[in-house]
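With the sequence shown counted from 1, adding 5 to any position gets you this note's numbering.
Have a look at the structure below before the remarks.
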Amino acid sequence: MPNFSHILKKICERLSKHAQKTPFWVIIHIVLFLGVFLLWTHVFWDYLGPSPGAVEKNIVLLIMDGQIPYVDFECEYPPVALLLFIIPGLFFRALPEYYIAFTVEMLLFDLLAVFLIAFIAKRINISKVKALISYTLLIAIAAGPIVTHRYDLAPAVMTLAAVAAFLAGKNKTAWGVLALGVMAKIFPIVVAPLFVIWLLIKGQYMRLFKGIAAFTGVVLLTIIPWLIMDAGSLSSFLTYHMDRGLHAESTYGSFIILGQHFGWTSVEWDFSFGSFNITSGLADNLADASFYIMGLALIFAYALFTYQLRKQEITKLGTDDTQIAQETLLVRYVVISVLAFLLFNKVFSAQYMAWFCPLIPLLNIRFKNLIVALLLIAGIFTIYIYPFNYLEFEYYESLPVLLMASRNLLLIIVFLLVFWGKKPREKNIQESSANIVVPT
6 MPNFSHILKK
16 ICERLSKHAQ
26 KTPFWVIIHI
36 VLFLGVFLLW
46 THVFWDYLGP
56 SPGAVEKNIV
66 LLIMDGQIPY
76 VDFECEYPPV
86 ALLLFIIPGL
96 FFRALPEYYI
106 AFTVEMLLFD
116 LLAVFLIAFI
126 AKRINISKVK
136 ALISYTLLIA
146 IAAGPIVTHR
156 YDLAPAVMTL
166 AAVAAFLAGK
176 NKTAWGVLAL
186 GVMAKIFPIV
196 VAPLFVIWLL
206 IKGQYMRLFK
216 GIAAFTGVVL
226 LTIIPWLIMD
236 AGSLSSFLTY
246 HMDRGLHAES
256 TYGSFIILGQ
266 HFGWTSVEWD
276 FSFGSFNITS
286 GLADNLADAS
296 FYIMGLALIF
306 AYALFTYQLR
316 KQEITKLGTD
326 DTQIAQETLL
336 VRYVVISVLA
346 FLLFNKVFSA
356 QYMAWFCPLI
366 PLLNIRFKNL
376 IVALLLIAGI
386 FTIYIYPFNY
396 LEFEYYESLP
406 VLLMASRNLL
416 LIIVFLLVFW
426 GKKPREKNIQ
436 ESSANIVVPT
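Pasting the structure below:
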């Protein structure tokens, strides 16, 4: 009779051994994207409203037909996002083939994230295995299959790549990659002030100048065709988002709808700008104020980062330990900045959950496991609402409304836990990893 406990022990030992190697995680993620996510999408295709890849494919068809984005047709997406749409369209221009190619493209970004997480984990002396376990769970559940339906994982990984390059001392590369992220989706811009603060405190003024020049150069390269043809057309994708109302899924929107459920306020729904928005005196005021609320939250975060980094710079004890502590601090404030942009913005679509997935695993603070668990629960709530019960949410049915508000409350708790940044046990910060390159 087989000894099942012995067999299980052997399996666990073997898995533990394989998990130390990055290729093991590459295989896991290939199976996740090309197996689980594709199968999930096939089974639940009818729930997904616009077919996955349809919006992107239609834009590609317009471009292939000779029409120019922002000039010949309105487009909400920045130039680098359009490039991401076009690449799968070079091979396939019909569904579902285009969607499958798009999934492969997102998989490549996902695999890049796996290697970058392994690289940064080694630099800041945290467990690579634990970081990759967290990332895999977050992609699979917190973000879910929607990472293959929308392109948001790409700018999230670009942000991660910019941070990795910056920590490795590749200053111009970091700024250039960050610029690509910004021109794919605006949110990576919140990382730029952190780079500026870091270089100013360390007195690296020439590197700051070169970094900003690299950032500006990449931005200009992405928009040169429109600068030549019709510079004014570029403002269309910016004004598109500025003119949007209060998204029902946003932090503000979800709590207002919950308040309406209890009879505390009243709102009307408005489908515009491709999303379900709400309108009322309170909702409209919050939509207008959201930019300033987000700005204040970010300014406060940058001020705290400045104070804490300067304090570490003045009171260094050992070069290696200080470097690890400072890089850990930078990673934490990157997470804080992205979460602030996400939570205090007036728009919060389901695919935005991908923004923090490559970053959270690199936190080195207490309650990290709790943070990951809260995000997984938030992801489950999100998937329950979209795609399965979004119509019920639009009609303000009790359970979807409660779950949406709960999702955003969980994210606020995560934001506060990361902001608090309770230091981990001393055993988590020990000797520095070998071959660390100090940014100079």
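The beta carbon of each residue, even a glycine, is placed where N, CA and C say it ideally should be.
If you draw a straight line from the C-alpha of Ile-122 to the C-alpha of Ala-161, how long is it? Indexing the sequence shown from 1 puts residue 122 at position 117. Indexing the sequence shown from 1 puts residue 161 at position 156. One Cα belongs to Ile-122, the other to Ala-161, and the distance between them is close to 12 Å.
Between which two residues does the beta strand (DSSP E) harbouring Asn-282 extend? Sequence index remark: in the sequence shown, residue 282 carries index 277 (1-based). In the DSSP annotation of this structure, the continuous segment of the beta strand (DSSP E) that includes Asn-282 starts and ends at 280-284.
Any contact between the segment 83-91 and the segment 186-193? By contact I mean 3 or more CB pairs, one from each, below 8 Å. Counting Cβ pairs under 8 Å, three or more are found: they touch.
On the three-state DSSP scale, how would you describe Phe-276? What you label residue 276 is simply residue 271 of the sequence shown in a count that begins at 1. In the structure shown, Phe-276 sits in a strand (DSSP, three-state: E or B).
Between Pro-57 and Val-272, what straight-line distance do the alpha-carbon atoms span, to the nearest angstrom? On the sequence shown, position 52 is the one that residue 57 refers to. On the sequence shown, position 267 is the one that residue 272 refers to. Looking at the two C-alpha atoms, the distance is approximately 30 Å.
Does DSSP classify Phe-78 as helix, strand or coil? Position 73 of the sequence shown, counted from the first residue, corresponds to residue 78. When DSSP states are grouped into helix, strand and coil, Phe-78 belongs to the strand group.
Run of the alpha helix (DSSP H) containing Glu-254, from where it starts to where it stops: By one-based count along the sequence shown, residue 254 stands at place 249. In this chain, Glu-254 is not harboured by any alpha helix (DSSP H), its DSSP state being neither H nor E.
With DSSP as the reference, label Ser-438 as helix, strand or coil. Looking up residue 438 in the sequence shown gives position 433. Annotation note: pLDDT 42 at Ser-438 (below 50); position unreliable, coordinate value reported separately. Correct three-state label for Ser-438: coil.
Segment contact flag, the segment 354-374 with the segment 333-342, C-beta cutoff 8 Å, min 3 pairs: These segments touch.
Boundaries (first-last residue) of the alpha helix (DSSP H) holding Gly-71: Here residue 71 refers to the residue found at position 66 when the sequence shown is read from its first residue. Premise fails: Gly-71 is in no alpha helix (DSSP H) and is neither H nor E.
Candidates Phe-124, Tyr-257, Ile-329, of which the one nearest Ser-411 by Cα: Translated into the one-based positions of the sequence shown, residue 411 becomes position 406. Out of Phe-124, Tyr-257, Ile-329, Tyr-257 has the C-alpha closest to the C-alpha of Ser-411.
Leaving out five residues on either side along the sequence, give the residues of the same chain with a beta carbon under 7 Å from the beta carbon of Leu-205. By one-based count along the sequence shown, residue 205 stands at place 200. So the list reads Leu-213, once near-sequence residues are dropped.
Buried versus exposed call for Ala-439 [16 or more other C-beta atoms within 10 Å across all chains shown]: Within the sequence shown, numbered from 1, the residue matching residue 439 stands at position 434. Per-residue confidence for Ala-439 stands at a pLDDT of 41, beneath the threshold of 50, marking its modelled position as unreliable; the derived number appears in the next sentence. Within 10 angstroms of the beta-carbon of Ala-439 lie fewer than 16 other beta-carbons, which makes it exposed.
Tell me where the alpha helix (DSSP H) around Ser-403 begins and ends. Residue 403 sits at position 398 when you count from the first residue of the sequence shown. Looking at the DSSP string, the run of the alpha helix (DSSP H) that includes Ser-403 is 403-425.
Can you tell me which of Ala-288, Met-163, Lys-127, Phe-281 puts its alpha carbon nearest to the alpha carbon of Gln-328? Taking the first residue of the sequence shown as position 1, residue 328 is located at position 323. Nearest C-alpha to Gln-328: Lys-127.
Inter-residue spacing [alpha-carbon to alpha-carbon] between Tyr-400 and Asn-394: Counted from its first residue, the sequence shown places residue 400 at position 395. Counted from its first residue, the sequence shown places residue 394 at position 389. One C-alpha to the other measures close to 10 Å.
Residues in the same chain with beta-carbon distance under 7 Å from Ala-383, minus the five sequence neighbours each way, listed in chain order, please. Counted from its first residue, the sequence shown places residue 383 at position 378. By the criterion of a C-beta distance shorter than 7 Å, Ala-383 is surrounded in its chain by Ala-147, Arg-412, Leu-415, Leu-416, once the five residues flanking it on both sides are discounted.
Between Ala-24 and Cys-80, what straight-line distance do the alpha-carbon atoms span, to the nearest angstrom? Counted from its first residue, the sequence shown places residue 24 at position 19. Counted from its first residue, the sequence shown places residue 80 at position 75. Cys-80 has its alpha-carbon roughly 43 Å from the corresponding atom of Ala-24.
Evaluate Lys-351 with the Cβ neighbour count: other Cβ atoms within 10 Å of its Cβ, from every protein chain shown; 16 or more gives buried, anything less gives exposed. Here residue 351 refers to the residue found at position 346 of the sequence shown. Buried is the label assigned to Lys-351, since at least 16 other Cβ atoms lie within 10 Å of its Cβ.
Look at the Cβ atom of Ala-167, then the Cβ atom of Ala-179, and state whether they are nearer than 8 Å. By 1-based counting over the sequence shown, the position of residue 167 is 162. By 1-based counting over the sequence shown, the position of residue 179 is 174. Their beta carbons are under 8 Å apart, which means Ala-167 touches Ala-179 by this criterion.
Counting C-beta neighbours from all protein chains within 10 Å, is the total for Leu-89 16 or more, i.e. buried, or is it exposed? Walking along the sequence shown from the start, residue 89 turns up at place 84. By the 16-neighbour rule on beta-carbons within 10 angstroms, Leu-89 is buried.
Report the rounded CA-to-CA distance for Trp-425 versus Ile-262, giving the unit in angstroms. Within the sequence shown, the letter at position 420 stands for residue 425. Within the sequence shown, the letter at position 257 stands for residue 262. Answer to the nearest angstrom: the Cα atoms are 29 Å apart.
What does a CB cutoff of less than 7 Å around Asp-157 pick up in its chain, not counting 5 residues either side in sequence? As a first step, residue 157 is located in the sequence shown; it is residue number 152 there, counting from the start. Excluding sequence neighbours, Asp-157 sits near Lys-190, Gln-356, Tyr-357, Ala-359, Trp-360.
Which full runs of the alpha helix (DSSP H) of 4+ residues lie inside the segment 157-201, going along the chain? Fully enclosed alpha helix (DSSP H) runs of 4 or longer: 158-172, 176-187.
Could you check the C-alpha separation between Tyr-75 and Ile-194 for me, to the nearest Å? Residue mapping note: residue 75 aligns to position 70 of the sequence shown, counting from 1. Residue mapping note: residue 194 aligns to position 189 of the sequence shown, counting from 1. So the two alpha carbons sit approximately 22 Å from each other.
Local conformation of Cys-264 per DSSP, three classes: Taking the first residue of the sequence shown as position 1, residue 264 is located at position 259. A small correction: the amino acid at residue 264 is Gly; Cys does not occupy that position in the sequence shown. Three-state result, Gly-264: helix.
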